[in-house]
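Engineer: Going by UniProt numbering, the first residue of the sequence shown is number 60, and it counts up by one from there. For glycine and all other residues, C-beta sits at the position ideal for the given N, C-alpha and C.
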Amino acid sequence: TSDKTQGISSLGFESVSAQGKDAFVVPEGYFAQVLAPWGTNLFSVSVDGEPIQPFKQDGTNTDIDQLHSVGQMNDGMHYYPLDDTQGILCINHEFISNGTLHEEGYSPNDEVIRQVDKVRKEYYAHGVSVVHIQLSQGIWQVVVDSPYNRRIHLSTEMDVTGAIAGSGLLTTKFTAEKGRPNVTHGTYNNCGNGFTPWGTYLTCEENWPGHFKITSEVDPVRERYGTKSDKAFNGWDTPFAYDEQFTGEFKRWDISKTSDNPEDDFQNYDNGFGYIVEIDPFSPNAKPAKRSSMGRFRHEDCTFGALEPGKPVVFYSGHDGRFEYVYKFVSDALWDESDASENLPQGTDRMAIGAKYMDEGTLYVARFDENGKGVWLPLTQDGVTESGVRLGVLIGNQAEIIRNTLGAADEMGATPMDRPEWTAVDYDTGLVYLALTNNTDRTEDDVNAANPRPDNEYGHIIRWQEGADDTEFEWEIFIFGSASESDAASINLSGLTEDNEFSSADGITFDQRGILWMQTDSGAKKDIQVDNQILAVIPSNLDETNTGEPVVNMSNQEQVKRFAVAPTGSESTGITFSPDYMHMFTNVQHPSNWPHSALNASVETPDDGRSWRPRSSTVVISRYDGGKLAE
Ligand code: FEO
Ligand code: CA
Ligand code: CA
Ligand code: CA
Numbered sequence: 060t061s062d063k064t065q066g067i068s069s070l071g072f073e074s075v076s077a078q079g080k081d082a083f084v085v086p087e088g089y090f091a092q093v094l095a096p097w098g099t100n101l102f103s104v105s106v107d108g109e110p111i112q113p114f115k116q117d118g119t120n121t122d123i124d125q126l127h128s129v130g131q132m133n134d135g136m137h138y139y140p141l142d143d144t145q146g147i148l149c150i151n152h153e154f155i156s157n158g159t160l161h162e163e164g165y166s167p168n169d170e171v172i173r174q175v176d177k178v179r180k181e182y183y184a185h186g187v188s189v190v191h192i193q194l195s196q197g198i199w200q201v202v203v204d205s206p207y208n209r210r211i212h213l214s215t216e217m218d219v220t221g222a223i224a225g226s227g228l229l230t231t232k233f234t235a236e237k238g239r240p241n242v243t244h245g246t247y248n249n250c251g252n253g254f255t256p257w258g259t260y261l262t263c264e265e266n267w268p269g270h271f272k273i274t275s276e277v278d279p280v281r282e283r284y285g286t287k288s289d290k291a292f293n294g295w296d297t298p299f300a301y302d303e304q305f306t307g308e309f310k311r312w313d314i315s316k317t318s319d320n321p322e323d324d325f326q327n328y329d330n331g332f333g334y335i336v337e338i339d340p341f342s343p344n345a346k347p348a349k350r351s352s353m354g355r356f357r358h359e360d361c362t363f364g365a366l367e368p369g370k371p372v373v374f375y376s377g378h379d380g381r382f383e384y385v386y387k388f389v390s391d392a393l394w395d396e397s398d399a400s401e402n403l404p405q406g407t408d409r410m411a412i413g414a415k416y417m418d419e420g421t422l423y424v425a426r427f428d429e430n431g432k433g434v435w436l437p438l439t440q441d442g443v444t445e446s447g448v449r450l451g452v453l454i455g456n457q458a459e460i461i462r463n464t465l466g467a468a469d470e471m472g473a474t475p476m477d478r479p480e481w482t483a484v485d486y487d488t489g490l491v492y493l494a495l496t497n498n499t500d501r502t503e504d505d506v507n508a509a510n511p512r513p514d515n516e517y518g519h520i521i522r523w524q525e526g527a528d529d530t531e532f533e534w535e536i537f538i539f540g541s542a543s544e545s546d547a548a549s550i551n552l553s554g555l556t557e558d559n560e561f562s563s564a565d566g567i568t569f570d571q572r573g574i575l576w577m578q579t580d581s582g583a584k585k586d587i588q589v590d591n592q593i594l595a596v597i598p599s600n601l602d603e604t605n606t607g608e609p610v611v612n613m614s615n616q617e618q619v620k621r622f623a624v625a626p627t628g629s630e631s632t633g634i635t636f637s638p639d640y641m642h643m644f645t646n647v648q649h650p651s652n653w654p655h656s657a658l659n660a661s662v663e664t665p666d667d668g669r670s671w672r673p674r675s676s677t678v679v680i681s682r683y684d685g686g687k688l689a690e
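#1: Looking only at its chain, what residues have a beta carbon closer than 8 Å to the beta carbon of Asp574, apart from the 5 residues adjacent to it on each side?
#2: In whole angstroms, what separates the C-alpha of Ile223 from that of Glu470?
#3: Hey, how far is the Cα of Met410 from the Cα of Ile460?
#4: For Asp565, is the beta carbon positioned less than 8 Å from some heavy atom of ligand 2?
#5: Straight-line CA distance for Tyr683 to Phe90?
#6: Look up Gly686 in the DSSP assignment and say whether it is helix, strand or coil.
#7: Identify the continuous alpha helix (DSSP H) that holds Asp122 and give its terminal residues.
#8: Does the beta carbon of Lys232 sit closer than 9 Å to a beta carbon anywhere in chain C?
#9: Between the segment 654 to 666 and the segment 181 to 197, can you find at least three pairs of beta-carbon atoms closer than 8 Å?
#10: Would you tell me roughly how many angstroms separate the C-alpha atoms of Ser351 and Val372, rounded to the nearest one?
#11: Using DSSP's beta-bridge definition, name the partner residues of Glu337.
#12: Does the distance between the C-beta of Asp558 and the nearest non-hydrogen atom of ligand 3 fall short of 8 Å?
#13: With respect to the alpha helix (DSSP H) encompassing Pro343, which residues constitute its N-terminal and C-terminal limits?
#14: Does DSSP put Gln145 in a helix, a strand or coil?
#15: Just grab the DSSP bridge partners of Trp534 for me.
#16: Just checking my contact of Asn612 with Gly554 at CB under 8 Å: how many whole Å lie between their CB atoms?
#17: Candidates Gly98, Asp500, Asp124: which alpha carbon is nearest Val104's?
#18: Mapping DSSP to helix, strand and coil, what is Phe309?
#19: My output table needs one value for Tyr284: the three-state DSSP class, helix, strand or coil.
#20: Exposed or buried, Glu264, counting other C-beta atoms within 10 Å across all chains shown (16 or more means buried)?
#21: How many Å lie between Ala300 and Gly294 at the Cα?
#22: Within the present structure, is the beta-carbon of Asn320 separated from the nearest heavy atom of ligand 1 by less than 8 Å?
#23: With 16 as the cutoff for other CB atoms within 10 Å, does Val106 come out buried or exposed?
#24: Near Pro96, which residues of its chain fall below 8 Å by C-beta distance, leaving aside the five closest residues on each side in sequence?
#25: Do Thr474 and ligand 3 come close, with the Cβ less than 8 Å from some heavy atom?
#26: Compute the minimum distance between the beta carbon of Trp481 and the heavy atoms of ligand 2, and state whether it is under 8 Å.
#27: In whole angstroms, give me the CA-to-CA distance for Glu480 and Leu422.
#28: For Thr246 versus His212, is the C-beta distance shorter than 9 Å?
#29: Starting from Ala468, trace the beta strand (DSSP E) both ways and give me its first and last residue.
#30: What is the DSSP secondary structure of Leu70, counted as helix, strand or coil?
#31: Thinking Asn330 and Leu229 are a contact (beta carbons under 8 Å), I'd like their distance in whole angstroms, please.
#32: What span of residues does the beta strand (DSSP E) with Leu594 cover, start to end?
#33: By DSSP's criteria, Ala623 is part of a beta bridge. Which residues make up the other side?
#34: Using the C-alpha atoms, what's the distance from Gly225 back to Glu516?
#35: From Trp523, Asn510, Gly518, pick the residue whose C-alpha is nearest to that of Tyr486; which is it?
#36: With DSSP as the reference, label Pro404 as helix, strand or coil.
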């Protein structure tokens with residue numbers, strides 16, 4: 060992280076043309092390898108000594124097989140090198156597809172009483188995979204049975220730390236049974252990711268609010284978060300759940316209030332979700348921690364800001380929802396370079412460093428003003444709301460403010476955005492980028508300067524520079540997504556062409572050479588020829604004066620190039636590199652009919668009438684000549 064940029068000034072590949080294929084398409088001279096599809100075994104034998112079965116196309120792998128293998132729906136990801144030819148990949152699993160997870164398609168509604176082994180298979184397909192990988196004779200492989208390999212899922216116990224810990228808001232039958240006041244079960248809907256300067260992984264809980272069943276009165280906080288269904292997702296609360304044998308593991312999804320004593324039921328159980336979760340990939344036995352001080356919302360991803368010794372460490376995170384907000388967390392602890400990952404001796408307790416920088420600090424939410432100025436509004440007891448009341452009076456103590464991060468942000472007058480997805484930081488300039496994926500609910504009546512297009516079906520990317528203190532910033536719009544042919548110039552504001560048109564930017568990340576990589580999701584596009592792709596741009600090539608116009612303007616020069624097109628029906632997400640930039644790891648999520656080849660990601664699935672069980676997969680992109688990507 061303290062590396063000086065290895066900056067490059069041009070992109071050394073030809074744009075890939077728009078195409079819809081059941082194949083992963085890369086530029087001339089590049090190849091893409093399928094590395095870790097759903098179901099890839101991480102272990103050969105279970106903890107109980109049972110052999111783990113390889114992935115079976117008929118869906119008959121057991122819950123125990125799934126517990127020891129890569130989960131479904133690969134999403135955010137980060138690579139931690141061990142040496143030049145091996146390292147650890149941490150891979151998020153955003154959600155599951157019951158249709159592919161189980162034999163015979165299968166819908167949970169078909170079962171009146173859910174079967175325990177099926178529910179467990181669903182739990183184990185969620186979470187995070189920690190995967191030791193190795194490069195051998197040009198091919199990356201999973202190191203089966205490596206001591207680094209690990210599965211974190213919906214039954215992995217972990218504590219919630221920070222502002223909400225110790226408040227009593229986490230008390231459930233489970234915390235009482237465990238005798239640990241802040242313990243909860245695992246993590247799920249792990250969408251985007253982050254990593255820390257001290258070498259840990261951050262996984263972000265996104266679409267968690269809709270999974271609970273509540274039949275007692277729904278309080279306004281849960282209303283605001285959307286936790287109000289009288290059915291639990293996937294029937295995870297159905298009758299077997301009340302078997303005492305499974306207390307805690309299963310009954311947890313029914314958060315109805317049944318007692319005045321929260322130790323009698325799970326009425327507080329949902330308060331254990333909605334966080335940034337820290338994992339130490341180098342210490343397989345280190346317990347993950349949910350860092351609650353960084354806010355409780357549908358976190359998309361988490362990116363640290365430019366570091367300066369003696370200054371706080373800053374993290375950015377967007378809430379992916381229409382008209383939702385973007386947040387930053389500023390640590391109380393000041394950055395000490397001896398905490399940088401490259402300076403840490405083996406065996407360092409990285410989770411303790413995480414607690415130091417992430418458990419105490421100030422959470423802010425952004426207000427984007429009309430003149431390119433912006434203000435960070437503090438979500439603290441002393442924060443003064445638009446109506447002139449302190450949050451401490453309106454909401455309560457910091458634990459209660461964190462539980463109700465969304466309500467606190469509403470009261471402070473944060474700017475409702477067009478679905479904040481990933482953030483990315485250019486560590487050379489300190490500029491922070493935010494993908495606003497789309498928002499077709501935006502109307503002429505509620506546009507604002509930072510979200511200026513009504514019916515924003517293609518989305519845009521905004522960026523800002525922090526001011527001298529923690530509370531002010533200056534922003535401008537970097538690029539607008541658009542279709543190149545069908546849209547008038549009034550929509551195609553960045554002048555995109557058929558070589559780089561895109562919709563719904565989602566995953567964005569900088570590499571240390573100054574390339575901003577942009578990945579797209581299908582989203583709300585109408586007339587784009589391709590909706591699942593990776594694009595690249597070097598922002599430092601562009602005019603950086605704040606003119607009020609989008610920074611990217613294709614009429615001036617070739618600026619944005621399409622690097623890859625992912626298989627039909629999929630979403631391109633998660634980008635991380637080997638430190639020599641010879642390999643990019645990226646994820647294909649929810650493809651329709653891919654991968655066909657176990658190795659070559661670019662082989663098109665033949666249209667021979669057979670139906671395939673599609674598998675989300677990690678893909679590695681390299682050059683045939685062994686050169687650095689994009690140079
Ligand atoms: Fe899981 Fe907002 O993407
Ligand atoms: Ca996303
Ligand atoms: Ca998305
Ligand atoms: Ca997704």
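Structural biologist: So, from the listed chains and residues:
#1: Before going on, a small fix: residue 574 reads as Ile here, not Asp. Answer for Ile574: Ile67, Leu70, Ala595, Val596, Ile597, Ala689, listed in chain order.
#2: 20 Å
#3: 25 Å
#4: yes
#5: 7 Å
#6: coil
#7: 122 to 126
#8: You won't find chain C in this structure, because it holds only one protein chain.
#9: no
#10: 16 Å
#11: Leu261, Ala348
#12: no
#13: Run containing Pro343: none; DSSP gives neither H nor E here.
#14: strand
#15: Trp523
#16: 6 Å
#17: Asp124
#18: coil
#19: helix
#20: buried
#21: Confidence is the limiting factor: at Ala300 the pLDDT is only 45, short of 50, which leaves the residue's position unreliable, though a coordinate-based value still follows. Approximately 10 Å between the Cα atoms of the pair.
#22: no
#23: exposed
#24: Phe114, Val129, Pro654, Arg674, Ser675, Ser676, Thr677
#25: no
#26: yes
#27: 18 Å
#28: yes
#29: Looking at the DSSP string, Ala468 is not in any beta strand (DSSP E); the run it does join, the alpha helix (DSSP H), is 464 to 471.
#30: coil
#31: 6 Å
#32: 592 to 596
#33: Ile593
#34: 43 Å
#35: Trp523
#36: coil
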